[in-house]
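Notes follow the structure.
Protein chains: 2
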Amino acid sequence: MTGKQDLVESVLAGKRLPLARLLTLVENDAPEGRAALDQLFTHTGRAHLIGVTGSPGSGKSSLVNQIALALRNPTDGKPARSVAIVAVDPTSPFTGGAVLGDRVRMRDLAGDPGIFIRSMASRGALGGLSRATTGVVQALDAAGFDIVLVETVGAGQSEVDIARLAHTTLVIEAPGMGDDIQAIKAGILEIADILVINKADHPGVDSTVRALRAMLELGHPTHHRAAAGSTAVLWIPPVLQTIATKSEGIGELVDAIYRHAAYLHETGAWQLRDRIRLQSELEQLVQLELTARWQDSVSPELLQATLSMIEARQISPYQAAIQLTHPLPEPHSG
Amino acid sequence: MTGKQDLVESVLAGKRLPLARLLTLVENDAPEGRAALDQLFTHTGRAHLIGVTGSPGSGKSSLVNQIALALRNPTDGKPARSVAIVAVDPTSPFTGGAVLGDRVRMRDLAGDPGIFIRSMASRGALGGLSRATTGVVQALDAAGFDIVLVETVGAGQSEVDIARLAHTTLVIEAPGMGDDIQAIKAGILEIADILVINKADHPGVDSTVRALRAMLELGHPTHHRAAAGSTAVLWIPPVLQTIATKSEGIGELVDAIYRHAAYLHETGAWQLRDRIRLQSELEQLVQLELTARWQDSVSPELLQATLSMIEARQISPYQAAIQLTHPLPEPHSG
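Have a look at this one:
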């Protein structure tokens, strides 16, 4: 038995240290991690993937904590679920800002074998982070976690990427946002399956709820999206209020998550979202593979000479790209 | 003379309507726009590209307004500069949130022929927006604008992308940010050439200045970056205070922008940033070209069959990507 098979089998057996080692390999884009993911892929497709996103200052991390605790300790007779939390920080490309988040979380969740927490900070392009996150989520799915919560910091494209990754997307806001945030909300709202106003004991909660409901009624995009799965059942994103620091409203939120999962299964939307996610992943990997092979085949001298011509404004970047890729390089033996 | 040459020559002659038409072609990724950009590229490389980024609610748009007004109406004997403003909204992928921004700006800046304003909202992937922005900025550069201000909404990877695009990056904050924003700042600070605390009449400005200075001293990354251009001269990002709504502090900010441009020219960093930007653009275009040709050559039936195998967890997305791209397709005649 090779070490690689050991790793795969240990992860499938639910062992934590090999899982952590695998995630590091995946994050580093190591060939060993890639090979293990290939073997583990047949065991994926069972976890409920939940994306959690929203404005900075909305208390996302505390809320994710509370959701995880509620899923672990259900009070309504439902079975306890195993939960993996992936905290992605695409806004911190150079520094490891996610470390503090871990420490804060650990106090509530540490010691529970049904909880696994992983922080990821971007070390390069967003594309790299998004690919690593896909791999990490697949590994956690294969490792048997019932629910994988992917939490992201920031307000931008990363949210849309996470919505593509998730079965269910929670958008978290806090009361009393500035005018500037309205524009953001418009885009973010359209990816929300469940809207949460956290810090609901802060002033301005009623007007925030009203504003969000009004924007929902303006847009209705999730209704259209839901209708793609079935014309009989529509999912209307609920607007919920929580106070994560006091554990208030968490039961209703978890209930909405379960209802959304049931809705996805009943309408076929679960499979549809799966397919969209896997297609997007395939396209990304094809693009990377084509580029990697081109890079292996192009002469560095030619590339530098071309770049100097672009700098001297003798040839446009687009013209250079056509020249450098036409004709396509011969396939590599590797 | 063809219509395409008309368009190019009209843009070079400084005509506004053809410029607006070209930008629409570029935004829509139309072949006519691409061809015009190829011709215009030899006329680029003169404009000072300034990226403006920062937290929602920091008053970025008002500040960009004031900077443009000050560049148009210098009080210190400097020549008036022509200014193009590109307002990019990557957080609004589905709706046109940028329209309001235009209307607000128009009141101060409309009617001045030395000012040109363009709003761009993301209509798809961030990659598409980033590419369109590159093209729009090149067109404005070729059209002869002395300064191109690229303003972005949101806090995330888009900021880092804009820093790659710009000679000078302004990061705008407002006093009294929440704890959650600290993590963002750490990443954003490292791309800042000039830090601005706008709304400096709001409470908490002193502690925000102190926090930013402390983080700057912790990191020093811009110092290292500057040192790549010259070991003799270092650029230490100034921390400035402005009140855009009262036009306060704008003169000092514009002065810092001019000093940064002089620094870039003296140290060779201007050319270095140019080269990095053009190299990144070339790499993106090569990737797109390779992918487009692969898409033209692959059979849709094979693609669908492969996707179904992935969905059934019979083959991993990575294994499928290798199979679908190996051997590479024959070069197209197109």
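The listed protein sequences correspond, in order, to chains A and B.
The first sequence begins at -15 in my numbering and counts up by one.
The second sequence begins at -15 in my numbering and counts up by one.
Backbone N, C-alpha and C define an ideal beta-carbon position, used for all residues, glycine too.
Runs of alpha helix (DSSP H) with 4 or more residues, each lying fully within the segment 230 to 278 of chain A, are found at 234 to 251, listed in chain order.
When rounded, the separation of the alpha-carbon atoms in residue 263(A) and residue 304(B) is 11 Å. Annotated as distal: residue 50(A) and residue 178(A), with beta-carbon spacing of 9 Å or more. With at least 16 other beta carbons inside 10 angstroms of its own, residue 156(A) counts as buried. Taking 7 Å as the Cβ-Cβ cut-off, the segment 181 to 200 of chain B has no residue approaching chain A. Judged by pairs of C-beta atoms under 8 Å, the segment 258 to 273 of chain A touches the segment 291 to 304 of chain B, as three or more such pairs exist. Its Cα nearest to that of residue 186(B), the residue 227(B) stands out among 253(B), 242(B), 227(B), 284(B).
Taking the CA atoms as reference points, residue 196(B) sits about 8 Å from residue 223(B). If you look at residue 103(A), you'll find it isn't in any alpha helix (DSSP H); it sits in the beta strand (DSSP E) that goes 99 to 105. A Cβ-Cβ contact shorter than 9 Å links residue 133(B) with residue 69(B). The closest CA to that of residue 242(A), considering only 295(A), 55(A), -2(A), is found on 55(A). Listed along chain B, no residue sits closer than 9 Å to residue 257(A) by beta-carbon distance, the nearest being about 11 Å off. Annotated as distal: residue 33(A) and residue 136(A), with beta-carbon spacing of 9 Å or more. The residue among 291(B), 256(B), 274(B), 239(B) with its C-alpha nearest the C-alpha of residue 61(B) is 239(B). Residue 16(A) has no beta-bridge partner at all, per DSSP.
The way I'd put it, the segment 267 to 284 of chain B does touch the segment 275 to 292 of chain A; three or more beta-carbon pairs between them come closer than 8 Å.
Judged by beta-carbon spacing, residue 28(A) lies beyond the 9 Å limit of residue 17(A), meaning their Cβ atoms are not closer than that value.
When beta bridges are read from the DSSP output, residue 71(B) appears opposite 103(B), 135(B). Counting other Cβ atoms within 10 Å of its Cβ, residue 119(A) reaches 16 or more and is therefore classed as buried. Within the DSSP bridge table, the entry for residue 225(B) names 181(B) as partners. Straight across, the Cα-Cα distance linking residue 192(B) with residue 192(A) is about 27 Å. In this structure, the beta-carbon distance from residue 123(B) to residue 10(B) falls below 9 Å. By the 16-neighbour rule on beta-carbons within 10 angstroms, residue 251(B) is buried. Closer than 9 Å to the CB of residue 301(A) there is at least one CB belonging to chain B. The three-state reading of DSSP puts residue 174(A) in coil, since its state is none of H, G, I, E or B.
Contact between residue 275(B) and residue 46(B) fails: their C-beta atoms lie close to 40 Å from each other, not under 8 Å. When Cβ-Cβ separations below 9 Å define contact, residue 229(B) makes no contact with chain A. CA-to-CA, the gap between residue 245(B) and residue 284(B) works out to about 51 Å.
Residue 120(B) carries a helical assignment under DSSP once its states are collapsed to helix, strand and coil. Here the alpha carbons of residue 97(A) and residue 31(B) stand approximately 58 Å from one another. Taking 9 Å as the cut-off, the Cβ atoms of residue 67(A) and residue 117(A) do not count as close. When Cβ-Cβ separations below 9 Å define contact, residue 117(B) makes no contact with chain A.
Note: residue 32(B) is bridge-paired with 131(B) in the DSSP secondary-structure output. Considering only beta carbons, the part of the segment 261 to 277 of chain A lying closer than 9 Å to chain B consists of 262, 263, 265, 266, 267, 268, 269, 270, 271, 272, 273, 274, 275, 277, in chain order. Here residue 43(A) is near residue 183(A), since their CB atoms are less than 9 Å apart. Look at residue 305(A): its C-beta is under 9 Å from a C-beta on chain B.
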